[in-house]
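S.K.: Sending over a structure as structure tokens; questions will come in a sec.
Given below as structure tokens:
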């Protein structure tokens with residue numbers, strides 16, 4: 001069971017405060033969409049509006065072609081997994097999972113069959129008689145997912161469901177959720193502020209910021225070709241480094257930029273006529289810069305901290321003019337704090353941002 | 367350094383001494399002295415004489431005591447469910463964050479802070495024959511007025527109405543506090559689970575506050591078995607002892623007839639009755655929990 005979701009011109013206000021403005025979004029049947037954004041960007045609110053837990057102040061929401069924003073939560077054909085799991089504490093696992101079906105007057109043997117089958121899928125069949133208080137965090141999580149599965153909804157909604165798990169369990173559950181999505185083929189919307197979850201789970205990421213959709217696209221598209229400076233900054237760890245652009249001249253191919261702290265750089269990129277030059281900057285990710293061998297000419301970086309992750313190392317330092325910079329090196333890096341190193345990068349790996357924060361990328365990747 | 371914290375010293379007892387002194391002087395000592403008194407023939411002026419269990423035999427064979435026990439049990443059996451039920455109803459109705467509900471919470475609780483004399487005065491004005499509020503209402507409706515305070519059956523009922531009015535604040539507040547502890551996402555999950563209002567009440571709300579309902583019931587059983595002031599002032603136990611509670615029997619025996627030993631024996635019996643009732647209530651509730 002999977003259905004498309006159509007969100008059209010959705011607006012949400014709390015009194016004078018507008019949280020979401022004119023959000024329009026189409027989700028394909030069976031698609032796994034992740035709403036990603038900083039705290040307070042309205043991503044949970046949008047999810048709760050689809051679930052029917054928040055009123056809609058403008059616009060419409062449809063599921064499988066039927067308008068649902070006027071229906072009560074239980075009649076919308078969606079199931080939700082809460083951040084805190086929201087299991088009924090005085091009911092057993094089986095009762096928790098069957099409660100929704102009981103309310104629909106589903107025959108008892110049908111409830112038992114669906115609960116059993118969901119429990120087997122989630123490997124919690126041996127826990128069916130226990131109460132939530134006797135379960136570990138990971139087990140509760142599975143019960144919450146099981147409660148959603150037995151309803152056989154047209155769409156699953158997840159509100160930061162992994163944030164209460166420890167790191168190891170979070171990684172495993174992430175994988176299991178991906179498998180579950182493949183097996184059920186259901187439409188799923190997943191809210192998170194964790195970009196690793198977003199990158200690994202999503203067919204498509206929707207980045208929300210400041211009341212609106214900042215960008216939507218496949219994970220790698222968002223990572224490699226961020227539409228705005230906000231997205232570039234928000235996605236990726238460590239965060240992208242930004243260097244101010246002080247001047248710009250047209251070159252034979254693309255433009256030559258005067259980058260503060262890095263000198264003149266020629267990039268093969270086509271910038272539109274309306275490009276706002278004041279406040280422009282270039283951004284580079286740590287993995288696109290590299291440490292040069294001793295004696296090679298490059299940009300000098302004074303090393304402050306070296307973060308060793310085993311397979312690789314991140315070198316945090318500052319350019320001559322004080323701008324902060326991060327560069328990735330191999331796990332065997334001998335660079336130590338206090339060193340002055342030379343770094344280099346492929347100019348076409350740079351991202352250019354105009355004064356309004358709009359992003360432009362190397363032409364070939366277009 | 368850490369060792370000195372752990373080592374037990376007698377001087378540490380100084381810190382708990384103030385509490386212990388009060389606890390022993392005002393609670394433990396009177397408790398055991400009361401038990402001792404009940405085994406003696408004592409009046410308020412003379413010394414005592416040990417007579418074993420004879421005071422108990424006298425109390426248990428006294429028909430006035432039987433009547434007082436019957437009155438009290440009936441009173442508790444009716445007033446406690448009413449207090450719990452009405453308290454629950456008010457708590458559910460006022461479990462909102464509107465200005466109106468905050469005002470009403472305050473209003474319903476305000477009667478609890480009045481002294482028993484004020485409460486009984488108010489309700490005497492309501493129930494008193496001829497000029498009372500009820501009498502006026504009955505007159506307007508053209509009905510035969512009932513002597514609420516002087517008719518057998520109605521007198522205990524009137525005491526009960528005043529008591530519920532006086533005591534409703536605490537159960538309501540305790541249950542409200544319990545309702546507000548229920549996480550909001552449980553209700554959201556229930557809404558997504560298609561649960562109607564009745565299902566939400568019986569399957570989510572009531573099970574979640576069950577421990578508090580039991581607590582309120584036990585507190586009220588203990589409190590209402592000790593009914594005294596309202597009955598004394600409103601009806602003086604009348605007519606014909608039909609509204610005399612156990613505490614009033616104790617009071618009359620010990621402080622009007624000066625038979626302190628017998629009064630103490632009746633007190634110990636009341637203590638046992640309350641203990642049994644509360645234990646029974648607790649046992650009922652914890653037994654269902656296991657099942």
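Residue numbers (the numbering used here), protein chains in the order written: chain A, 1 to 366; chain B, 367 to 657.
C-beta: ideal position from N, C-alpha, C; glycine also.
Going straight from the alpha carbon of residue 597 (chain B) to that of residue 475 (chain B), what length do you get?
M.R.: 22 Å
S.K.: Give the straight-line distance between the Cα atoms of residue 195 (chain A) and residue 329 (chain A), rounded to the nearest whole angstrom.
M.R.: 22 Å
S.K.: What distance in whole Å lies between the Cβ atoms of residue 557 (chain B) and residue 53 (chain A), which are believed to be in contact at a cut-off of 8 Å?
M.R.: 7 Å
S.K.: Within its chain, find whatever has a CB closer than 7 Å to the CB of residue 430 (chain B); leave out the 5 residues flanking it on each side and keep chain order.
M.R.: 607, 615
S.K.: So, are the CB atoms of residue 191 (chain A) and residue 35 (chain A) less than 8 Å apart?
M.R.: yes
S.K.: Anything in chain B within Cβ reach of residue 100 (chain A), meaning under 7 Å, just list it in chain order.
M.R.: Ordered by position in chain B, the residues that pass the 7 Å Cβ test against residue 100 (chain A) are 559, 560.
S.K.: Got a sec, what are the start and stop residues for the beta strand (DSSP E) residue 241 (chain A) sits in?
M.R.: 241-250
S.K.: From residue 503 (chain B) to residue 130 (chain A), what distance separates their C-alpha atoms?
M.R.: 58 Å
S.K.: Can you pull the chain A neighbours of residue 573 (chain B), defined as C-beta to C-beta under 9 Å?
M.R.: 88, 89, 90, 91
S.K.: Start and end of the beta strand (DSSP E) containing residue 26 (chain A)?
M.R.: 17-27
S.K.: Rounded to whole angstroms, what's the CA-CA distance from residue 495 (chain B) to residue 459 (chain B)? Just pull it up for me.
M.R.: Whole-angstrom Cα-Cα distance: 35 Å.
S.K.: Which same chain residues end up closer than 8 Å to residue 580 (chain B) when comparing Cβ atoms and leaving out the 5 residues on each side of it in sequence?
M.R.: 647, 648, 651
S.K.: Among the candidates A:197, A:343, A:155, A:114, whose CA atom is the shortest distance from the CA of residue 369 (chain A)?
M.R.: Outside the displayed span of chain A (1 to 366) sits residue 369 (chain A), for which this structure offers no information.
S.K.: Put residue 465 (chain B) into one of helix, strand or coil per three-state DSSP.
M.R.: Helix at residue 465 (chain B).
S.K.: Measure how close the beta-carbons of residue 462 (chain B) and residue 605 (chain B) come, nearest whole angstrom, since I'm counting them as under 8 Å.
M.R.: Residue 462 (chain B) to residue 605 (chain B), Cβ: 45 Å. No contact.
S.K.: Within 10 angstroms of its Cβ, does residue 590 (chain B) collect 16 or more other Cβ (buried), or is it exposed?
M.R.: buried
S.K.: Would you list, in chain order, the members of the stretch 317-331 of chain A that have their beta-carbon closer than 9 Å to a beta-carbon of chain B?
M.R.: none
S.K.: Taking the alpha-carbon positions, what's the residue 219 (chain A) to residue 241 (chain A) distance?
M.R.: 20 Å
S.K.: Between the stretch 638-654 of chain B and chain A, which residues of the former have CB atoms less than 7 Å from a CB of the latter, in chain order?
M.R.: none
S.K.: With DSSP as the reference, label residue 375 (chain B) as helix, strand or coil.
M.R.: coil
S.K.: Which residues in the same chain as residue 539 (chain B) place their Cβ atom closer than 7 Å to its Cβ, once the five residues preceding and following it in sequence are excluded?
M.R.: 475
S.K.: How would you write the range of the alpha helix (DSSP H) that residue 316 (chain A) sits in, first residue to last?
M.R.: Unbroken run through residue 316 (chain A) is the beta strand (DSSP E), 312-318; no alpha helix (DSSP H).
S.K.: Measuring straight from C-alpha to C-alpha, what distance separates residue 415 (chain B) and residue 448 (chain B)?
M.R.: 45 Å
S.K.: Closest to residue 285 (chain A) by CA distance: which of A:98, A:292, A:344 is it?
M.R.: Nearest to residue 285 (chain A) by alpha-carbon distance, out of A:98, A:292, A:344, is A:344.
S.K.: Per DSSP, what kind of secondary structure is residue 67 (chain A) in: helix, strand or coil?
M.R.: strand
S.K.: Ignore the nearest five residues each way along the sequence and tell me which others in residue 81 (chain A)'s own chain have a CB closer than 6 Å to its CB.
M.R.: 144, 145, 148, 158, 161
S.K.: Given that residue 354 (chain B) touches chain A, what residues does it touch there, using C-beta distances under 8 Å?
M.R.: This structure gives no information on residue 354 (chain B), because the portion of chain B shown stretches from 367 to 657.
S.K.: Looking at the structure shown, is residue 501 (chain B) part of a helix, part of a strand, or coil, going by DSSP?
M.R.: helix
S.K.: Using the beta-carbon count (16 or more within 10 Å), is residue 322 (chain B) buried or exposed?
M.R.: Nothing can be reported for residue 322 (chain B), as the shown portion of chain B is limited to 367 through 657.
S.K.: Roughly how many angstroms lie between the CA atoms of residue 100 (chain A) and residue 47 (chain A), to the nearest whole one?
M.R.: In this structure, the alpha-carbon of residue 100 (chain A) lies about 20 Å from that of residue 47 (chain A).
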